[in-house]
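For reference, the structure discussed in these notes is given below.
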Amino acid sequence: MEKERGKTFLLSSNIFDKVEKTCDRVGMIRSGRLIQEITVEEMRHSQFKTYKIGFADISGLKLARQSYPDADCREQQKQLIVSITDSEINHLLSVLSRCRLLYLREEKHTLEEYFMQFYGGNTND
Numbered sequence: 747m748e749k750e751r752g753k754t755f756l757l758s759s760n761i762f763d764k765v766e767k768t769c770d771r772v773g774m775i776r777s778g779r780l781i782q783e784i785t786v787e788e789m790r791h792s793q794f795k796t797y798k799i800g801f802a803d804i805s806g807l808k809l810a811r812q813s814y815p816d817a818d819c820r821e822q823q824k825q826l827i828v829s830i831t832d833s834e835i836n837h838l839l840s841v842l843s844r845c846r847l848l849y850l851r852e853e854k855h856t857l858e859e860y861f862m863q864f865y866g867g868n869t870n871d
């Protein structure tokens, strides 16, 4: 109700799912300085995407793994988790066109994952 009246509230929290549900804009502060400001909507539509790919056989997984050696490879489940930018999607699809897939799913990034890009896992700053 207050939001519709144009009021601004400042909220400081490390409970990311609550911030994501409550706020329109998020500012990242490190060592007392604002290092990034983003709307929750911009974060949801980021150009950086992560895809979980399920392969019908291990040979397809190994073929894709050659193009994405840094991807998270889960051989037992015949899965590859690849993080790319939107501009790299054609290359990914070209590689996957040579494989038999069970599924290709985009994994949505959370505010916490976005936050960790700036902090590199270290939240003690």
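Its first residue numbered 747, the sequence shown is counted upward by one per residue in the numbering used here.
We put the beta carbon where it would ideally sit given N, CA and C, even for glycine.
For this session: Jot down the residue ranges of each uninterrupted beta strand (DSSP E) in the stretch 824-851, minimum 3 residues, whole runs only, in chain order.
Result: With a minimum length of 3 residues, the unbroken runs of beta strand (DSSP E) contained wholly in the stretch 824-851 fall at 825-831.
Exercise. Buried or exposed: Tyr849, going by 16 or more other Cβ atoms within 10 Å of its Cβ?
Worked result: By the 10 Å Cβ count, Tyr849 comes out exposed.
Problem set entry | Cα-Cα separation between Leu780 and Met774, rounded to whole angstroms | Straight across, the Cα-Cα distance linking Leu780 with Met774 is about 6 angstroms.
Problem set entry | Residue range of the unbroken beta strand (DSSP E) whose run includes Gln812 | That residue, Gln812, is in no beta strand (DSSP E); its alpha helix (DSSP H) goes 804-813.
Exercise. Can you tell me where the beta strand (DSSP E) with Met794 in it begins and where it stops?
Worked result: Position check: residue 794 holds Phe in this sequence, whereas Met was assumed. Per DSSP, Phe794 belongs to the beta strand (DSSP E) from 794-801.
For this session: Please report how far the alpha carbon of Cys769 lies from the alpha carbon of Ile799, in whole angstroms.
Result: For the pair Cys769 and Ile799, the Cα-to-Cα distance works out to about 32 angstroms.
Problem set entry | Backbone CA spacing between Thr804 and Lys824 [nearest angstrom] | Looking at the sequence shown, residue 804 is not Thr but Ile. Going from the Cα of Ile804 to the Cα of Lys824 covers about 6 angstroms.
For this session: State buried or exposed for Gln782, treating a residue as buried only when at least 16 other CB atoms are found within 10 Å of its CB.
Result: Only exposed fits Gln782, as fewer than 16 other CB atoms lie within 10 angstroms of its CB.
Exercise. Thinking C-beta only, is Asp832 closer than 8 angstroms to Lys795?
Worked result: It is a contact, given that the beta carbons lie within the stated cut-off.
Exercise. Going by DSSP, what residues sit across from Leu756 in a beta bridge?
Worked result: Answer is none; Leu756 lacks a bridge partner.
Exercise. If Ile761 sits next to Val772, beta carbons under 8 angstroms apart, how far is it from one beta carbon to the other, in whole angstroms?
Worked result: At roughly 12 angstroms, the Cβ-Cβ gap does not stay under 8 angstroms, so Ile761 and Val772 are not in contact.
Problem set entry | Euclidean distance between Cα positions of Ser813 and Arg776 | Our two residues, Ser813 and Arg776, have alpha carbons roughly 35 angstroms apart in a direct line.
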